[in-house]
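585 is the number of the first residue of the sequence shown in our numbering; add one for each residue after it.
Step one of this worksheet: look at the structure below.
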Amino acid sequence: MDKLNNFDYFINKHFKISLIFLFLGISFGIFYSLNLLGFYIDSKTLIPSNIRSLHISLMLYGFIPLMLSYLPFLLINKEKVKSEIGLQYLNLYTIFWYIFLVFMISSILFGNTRGLAFYDFPYELNFILALSGVFYIIALIKYIKAYKTIPLWIKVCLRITIIAPIALLILMNPTIGQVESTISGPHGDNTLGMSLALIPIYYLIIKLLNQGEFKARWNVFWIIPTVFYALSVLYRSFIGHLTYEQEWFFQWLTFLYIPILYRWYKDANIEKFAKKALLISILAFLFVDIEGNILFIPEFRWLFHRNDLIIAHAHVAMGIGVFFMVIAMFVNYIKELKKTIFYTLYLLGLLGIFTVLSISGFIQAEIFQAKIYNLWIGRTLFGFIALLSLFSFITLKFKLTLLQKYNLLGVFADGFGGIFLLLLSSFLYPLIGFKFTGSYEYVVFAFVSITGVIHYLALTNKVHELILTKITVITRVFISSIFFALFYNKTLGSEALLISLFDVLFASLFLLIFKKELLCQK
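So this is what it looks like as structure tokens:
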């Protein structure tokens, strides 16, 4: 029960759970890169355009934004303010965000997209995010009640979070929102808005990491862009599109963020390791700001627009700039973030991707001639290097009990096996002579994956290990009997018999090995 009310335990748990979505995001990026190299599998769920959308959506909605959203609560925890009920609502907020991500992945995998460069999933899923935002607001209110004197920054955060769910549903709306009206981009006012959103986050991160009280200076450099961005939103919403000259003006306003970030970083008194992570983030932000303004010059804008240089630019912006904001936030909570190997592999991977894509962009713009294919091979290899960095968070335990070995086998057989079948069954079934309808099979594979999840829970929860394992056994026997019956009455083919045999044999393995435990347990 102490763990349930422990903020540090909560942060460690969800940081590592959400890394799964980062792993998936990078993996789908590698899959798409392999597609560009000509390696393509004829699978209904591995269509290149959908894989690309999944990669982008998971990077924009997965690990990074979820972890950034914890920032106010990290600050509250720094101030020694506790709220048991507040932590429970924060946990609910996180779980509903996970639910959104699962729905988003499934929707895009099966081709339910909107044809957008970003946010390419059904609009209705935003209502799940908005619901999670309601729990976030409640959590923040519960924590606020624990304060004797409420700080100004918390009052501002509360007002923003109250507006956020409504703003999300309006801005993402296909009829009245901003997303589809700005599909042709880039747009200077949008760039200003995205950059502006990061400035208060940088301020709060510095406030979190600073040893002592942090006093922000040179605030005029964020006030001016804020006023003009608000004007641009009103103009687009109620008058019409901005002219190129107007957009250019808003784009160049982002230069005002450079002096303020310099001043704040120099004024901060931050522990060495966290300060390095923050410096990486700020340097990436400044580079992207300067490069973005250069690329907005008319002679360059259409020369490089939508080619690999822009993709390289996005990798630095999100993959380094925003990602290392998160790393700086959690250095003092996650011990693995102090492993040099993680930073070495991740930065090597991302900087490698940036380099080869930048060169490819110049080739596509016909500035010089070379083979792009070789550079795309480099992108794929550097993607694998970035993915390897995440394995630094895995602690291998070689001494396993017999029951743990059984559950580990279940994780691989059902958890990874189910995912494998979800992605590749439409390709594999015809190869081995099985009929594939593309409907009920996916439901079955989802159940298979969930059985793997239960095995994982059994593997990682010593107290409930045996009962969770028994649930998998009962599930297998029941599913096996259904598939056997469907095979026997010729509703399904030989694939049903194989599934039935696999499940009943796997369940029998448990019953034979652990017969003593079954007899002795109350």
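Yeah, the Cβ is synthetic: ideal placement off N, Cα and C, and Gly gets one too.
Predicted model, so just to flag it, every value in this text is computed and none were measured.
Item                                                                                                                                  : Value
Exposed unless 16 or more other CB atoms sit within 10 angstroms - verdict on Ser768                                                  : No answer about Ser768 holds up, because its pLDDT of 48 lies below 50 and its placement is not dependable.
Same chain, Cβ closer than 7 angstroms to Arg847, five either side skipped, listed in chain order                                     : Arg801 and Trp802
Inter-residue Cα distance where the pair is Phe1051 and Pro649                                                                        : The amino acid occupying residue 1051 in the given sequence is Ile; Phe does not appear at that position. Distance between the alpha carbons of Ile1051 and Pro649 is about 35 angstroms.
Buried or exposed (CB count within 10 angstroms, at least 16 for buried), Pro749                                                      : buried
Spatial neighbours of Phe884 in its chain, beta-carbon cut-off 7 angstroms, leaving aside the 5 residues before and after             : Ile878
Unbroken alpha helix (DSSP H) run spanning Tyr654, endpoints                                                                          : Here Tyr654 belongs to no alpha helix (DSSP H), and DSSP marks it neither H nor E.
Close Cβ partners of Pro770 (< 6 angstroms) along its chain, the five nearest in sequence each way excluded                           : Summary for Pro770: the model assigns pLDDT 47, below 50, so the residue's position carries little reliability, and this model does not support an answer.
Pairwise C-alpha distance: Ile1083 and Asn696                                                                                         : 29 angstroms
Simplified DSSP assignment, three categories, for Ile1120                                                                             : Residue 1120 falls outside the range modelled here, since the chain spans only 585 to 1106, and no answer is possible.
Separation of Met756 from Thr1044, as counted between CA atoms                                                                        : 39 angstroms
C-beta atoms of Ala868 and Leu793 nearer than 8 angstroms                                                                             : no
Inter-residue spacing [alpha-carbon to alpha-carbon] between Gln795 and Thr745                                                        : 27 angstroms
In chain order, each alpha helix (DSSP H) run of at least 4 residues that lies wholly inside the region 677-758                       : 710-728 and 736-755
C-beta atoms of Met651 and Phe914 nearer than 8 angstroms                                                                             : yes
Assumed close pair Phe805, Ile754 - CB separation to whole angstroms, cut-off 8 angstroms                                             : In fact, because the Cβ distance is near 29 angstroms, the residues do not count as touching under 8 angstroms.
Residue from Leu1089, Ser816, Leu742 and Ile789 whose Cα sits closest to the Cα of Met778                                             : Ser816
Of the residues Leu685, Pro656 and Lys850, the one placed nearest Gly646, counting alpha carbons only                                 : Leu685
Validate contact between the region 595-615 and the region 969-976 using beta carbons, cut 8 angstroms, 3 pairs                       : yes
Per-residue DSSP class, three states only, for Asn916                                                                                 : coil
Backbone CA spacing between Asn619 and Pro632 [nearest angstrom]                                                                      : 6 angstroms
Secondary structure of Asn794, DSSP reduced to three states                                                                           : strand
Beta-carbon contacts of Phe1067 that lie in its chain and below 8 angstroms, excluding the five residues immediately before and after : Leu1076, Ala1080, Leu1081, Ile1083, Ser1084 and Asp1087
Integer-rounded CB distance, given that Arg963 should sit under 8 angstroms from Leu941                                               : 6 angstroms
Within the region 1024-1073, ranges of the beta strand (DSSP E) (whole runs, at least 3 residues)                                     : none
Coil, strand or helix - Ser641 by DSSP                                                                                                : helix
Cα-Cα separation between Met688 and Leu606, rounded to whole angstroms                                                                : 14 angstroms
Through-space distance from Lys1046 to Lys983, alpha-carbon basis                                                                     : 14 angstroms
Proximity of Tyr917 and Asn634 at Cβ, strictly below 8 angstroms                                                                      : no
Contact check, Phe591 vs Leu671, beta carbons under 8 angstroms                                                                       : yes
Where Asp592 falls: helix, strand or coil (DSSP)                                                                                      : helix
Cβ-Cβ separation, His1039 to Gly999 (assumed contact under 8 angstroms), whole Å                                                      : 7 angstroms
Anticipated Cβ contact below 8 angstroms, Leu788 with Leu655, distance rounded                                                        : 5 angstroms
Residue range of the alpha helix (DSSP H) that includes Gly824                                                                        : It is not in any alpha helix (DSSP H) - Gly824 carries neither H nor E in the DSSP assignment.
Residues near Asp873 by beta carbon distance below 8 angstroms, same chain, minus five either side                                    : Ser779, Thr838, Phe839, Tyr841 and Ile842
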